[in-house]
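In the working numbering, the protein residues as written are 4 to 256. What follows is a set of notes on a single structure, which appears directly below.
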Amino acid sequence: ATAHTTIGIFTDAHGSPIRGTLQWSSYPRALCVEFPYIAALLRNGSIEIHNIIDQKQLQTISFPQAFEARGMSFGHGIKVWMQGMAQRLCKRPYADILDDELETTLRRQASRFSTLPARILIFGRDSVAAQIVTPLSMQADDLMEQGQLEEALLMADQARNTMSNDKNAYVERMQSELDFIYQKAGLLYLKETVFEDAFHLLSKGNMDPRMVIHLFSDLAHSSRVSEHPCVLLFDGIYSLLEKTGRIEDMGKR
Numbered sequence: 004a005t006a007h008t009t010i011g012i013f014t015d016a017h018g019s020p021i022r023g024t025l026q027w028s029s030y031p032r033a034l035c036v037e038f039p040y041i042a043a044l045l046r047n048g049s050i051e052i053h054n055i056i057d058q059k060q061l062q063t064i065s066f067p068q069a070f071e072a073r074g075m076s077f078g079h080g081i082k083v084w085m086q087g088m089a090q091r092l093c094k095r096p097y098a099d100i101l102d103d104e105l106e107t108t109l110r111r112q113a114s115r116f117s118t119l120p121a122r123i124l125i126f127g128r129d130s131v132a133a134q135i136v137t138p139l140s141m142q143a144d145d146l147m148e149q150g151q152l153e154e155a156l157l158m159a160d161q162a163r164n165t166m167s168n169d170k171n172a173y174v175e176r177m178q179s180e181l182d183f184i185y186q187k188a189g190l191l192y193l194k195e196t197v198f199e200d201a202f203h204l205l206s207k208g209n210m211d212p213r214m215v216i217h218l219f220s221d222l223a224h225s226s227r228v229s230e231h232p233c234v235l236l237f238d239g240i241y242s243l244l245e246k247t248g249r250i251e252d253m254g255k256r
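Encoded structure:
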């Protein structure tokens, strides 16, 4: 550490450096890791957020002076419902069907995926604040809306490569987020007539093959999209498909 900069080093069990270094503007009072992010509470009461994978500083969070941030810990957290997640991960049948049980199941699933734990808690003089990481699907979707498709896919691939093979609620939600990102990216590539990359991403995003077949006018009648089990689509993917149209139409634009 120097008068103005403190450096953090990642090491293995033998003390050997295993990746790049982190830099903070002052010596951290506390550190919390919520992969792939690391949060540092500094002496001035602000929090600096870095990405562990590439060690880039992503954000600085400042608190009102009256809060007097004194410490930070990682725990079970506080459950927070995020509307942005619900809007992206809510699913619907592609074909118009009346199935109250399916509708209830899909609504509960969207609610479960949209309720996230804020695990990093910061305590001040007489109050506690919770820090929640912006979900992957929201970050990537914002990048795609800005035309930064490659950046969104790089973020998704990094998360996919570090995802656990365990079966739990976190992994299930993360897989749903990745499916949404890859499917949307695939449709955006279709609009640009980059067909090879588009179909690869649609497959990577686990889009129902019947829906892909349905995109071809001469095959649509045999796609079986209306048969049981029904084709399920994210709401955002459904609306994008309506704008995208058929494969033949894309080539004429």
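From the three backbone atoms N, C-alpha and C, an ideal C-beta is built for every residue, glycine too. All figures in this text were calculated on a predicted structure; none of them were measured in a lab.
C-alpha distance - residue i paired with residue j, whole-angstrom precision
i	j	result
S117	D160	21 Å
C93	E104	15 Å
D144	V136	15 Å
V228	A98	7 Å
T259	Q26	This structure cannot speak to residue 259, because the chain is shown only from 4 to 256.
D57	P20	14 Å
A240	T247	For clarity, residue 240 is Ile in the given sequence; the question names Ala instead. Approximately 10 Å, taken between the alpha carbons.
R249	L218	5 Å
Selection from the options that minimises the alpha carbon distance to residue i
i	options	result
R95	L236, K246 and R249	L236
S3	I135, L44, T8 and A188	The question about residue 3 has no answer, for the chain in this structure spans 4 to 256.
A133	R32, G74 and M253	G74
D252	S242, S226, D221 and S225	D221
S114	R213, F126 and Q86	Q86
Q62	Y40, S179 and Q68	Y40
Y30	I12, T14, F13 and H7	H7
Contacts around residue i, its chain only, beta-carbon distance under 7 Å, and the 5 residues preceding and following it disregarded
i	result
I100	C233
Sequence-distant residues of its chain with Cβ nearer than 6 Å to residue i (five each side left out)
i	result
L204	Y185, A188 and G189
R1	Not covered by the structure: residue 1. The range shown for the chain is 4 to 256.
A33	L44, G74 and M75
Residues near residue i by beta carbon distance below 8 Å, same chain, minus five either side
i	result
L152	L146, A188, L191 and Y192
In chain order, each beta strand (DSSP E) run of at least 3 residues that lies wholly inside the stretch 180–252: 235–237
Contact between the stretch 64–81 and the stretch 106–126 is defined here as three or more beta-carbon pairs at a separation below 8 Å; is this criterion met? yes
At 3 residues or longer, what runs of the beta strand (DSSP E) sit wholly inside the stretch 90–138? 94–96, 118–126 and 131–134
Runs of alpha helix (DSSP H) wholly within the stretch 21–50 (minimum 4 residues, chain order): none
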